[in-house]
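Structure first, then comments.
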């Protein structure tokens, strides 16, 4: 397990872990996971540039994208440094042997303190928004997540989430569907509140078997203590990180 980070020469890329096969880093909110038509900064390009500088590599640098985080979401991300590692890690994702845990702050609180949400999501790519259905629907994909309410503060709750499936906007859409939209997530119905910032969703833990050694590895990242995140105590975050990789997380 590893959770200690150090910064690479590019200060926006704190490194959680690195060896010849893997690179686990902290993505800052607002950065794209991979390049798009806007030409704005993205993690893959930034990491390639960083590796090229740090290791003084004259040619192309390989960085394999294993999973994505929405642009406004920050936290732990895992990349491959070789094509073989990328292939094996991608298979871990497909076979659901790639654990993804998040911490989020939502408006209100779910009726149950823990549970599994099952919905069916259909994405409108042109509008970049997901529609949620309670029953199987044409062109909609099943979405499953498990959650635990870690703490409550007045009108909001700190929630730990384990993704079972990995659908676009899944946590954002499913929490909104149970009337608990994420703070600042205006796209999915969050009310306007003072001090608008990036949506309150953080990739807190990734668990996966190392593609070469097969050792189970866990990479941890805590959200910044700014804005809405300051409503909860350090003990709350300790409890959340304890819940995340534990057995029996599912309700």
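Numbering (the numbering used here), first residue to last: 634 to 884. All C-beta atoms, glycine included, are put in the ideal place defined by N, C-alpha and C. Please read all numbers here as calculations on a predicted model, not as lab measurements.
Proximity below 9 Å, CB of residue i to CB of residue j
{"i": "residue 699", "j": "residue 668", "result": "no"}
{"i": "residue 837", "j": "residue 708", "result": "yes"}
{"i": "residue 800", "j": "residue 784", "result": "no"}
{"i": "residue 594", "j": "residue 825", "result": "Because the chain is modelled from 634 through 884, residue 594 falls outside the range shown and cannot be assessed."}
{"i": "residue 704", "j": "residue 666", "result": "yes"}
{"i": "residue 864", "j": "residue 791", "result": "yes"}
{"i": "residue 686", "j": "residue 675", "result": "no"}
{"i": "residue 706", "j": "residue 832", "result": "yes"}
{"i": "residue 866", "j": "residue 649", "result": "no"}
{"i": "residue 679", "j": "residue 646", "result": "yes"}
{"i": "residue 710", "j": "residue 658", "result": "yes"}
Residue i (DSSP reduced to helix, strand or coil)
{"i": "residue 677", "result": "helix"}
{"i": "residue 832", "result": "coil"}
{"i": "residue 685", "result": "helix"}
{"i": "residue 845", "result": "coil"}
{"i": "residue 764", "result": "strand"}
{"i": "residue 663", "result": "coil"}
{"i": "residue 775", "result": "strand"}
{"i": "residue 697", "result": "strand"}
{"i": "residue 725", "result": "helix"}
{"i": "residue 787", "result": "coil"}
{"i": "residue 737", "result": "strand"}
{"i": "residue 751", "result": "strand"}
{"i": "residue 818", "result": "coil"}
{"i": "residue 811", "result": "coil"}
{"i": "residue 706", "result": "coil"}
{"i": "residue 854", "result": "coil"}
{"i": "residue 884", "result": "Confidence in residue 884 is poor, its pLDDT being 41 and thus under 50, which makes the residue's placement too unreliable to answer from."}
Sequence-distant residues of the same chain with beta carbon closer than 6 Å to residue i, five excluded per side
{"i": "residue 721", "result": "844"}
{"i": "residue 862", "result": "856"}
{"i": "residue 803", "result": "776"}
{"i": "residue 684", "result": "694"}
{"i": "residue 849", "result": "842"}
{"i": "residue 741", "result": "813"}
Best match in the options for proximity to residue i [C-alpha to C-alpha]
{"i": "residue 841", "options": "691, 712 and 779", "result": "712"}
{"i": "residue 822", "options": "662, 829, 830 and 810", "result": "810"}
{"i": "residue 796", "options": "790, 666 and 781", "result": "781"}
{"i": "residue 756", "options": "774, 725 and 829", "result": "774"}
{"i": "residue 818", "options": "758, 717 and 763", "result": "763"}
{"i": "residue 846", "options": "834, 813 and 717", "result": "717"}
{"i": "residue 813", "options": "827, 835, 828 and 788", "result": "788"}
{"i": "residue 661", "options": "701, 670 and 688", "result": "701"}
{"i": "residue 869", "options": "848, 786, 820 and 690", "result": "786"}
{"i": "residue 873", "options": "835, 849 and 848", "result": "835"}
Cβ shell of residue i (< 8 Å), same chain only, five flanking positions each side left out
{"i": "residue 715", "result": "653, 654, 695 and 697"}
{"i": "residue 778", "result": "749, 750, 794, 795, 796, 797, 798, 803, 804 and 807"}
{"i": "residue 739", "result": "789, 790, 792, 808, 813, 814, 815, 816 and 833"}
Beta-carbon contacts of residue i that lie in its chain and below 7 Å, excluding the five residues immediately before and after
{"i": "residue 725", "result": "731, 841 and 842"}
{"i": "residue 860", "result": "828 and 830"}
Cβ-heavy atom distance, residue i to the ligand NAP, below 8 Å
{"i": "residue 821", "result": "As far as ligands go, the structure on display features none, and thus does not contain the ligand NAP."}
Contact between the stretch 752-763 and the stretch 732-741 (3+ Cβ pairs under 8 Å): no
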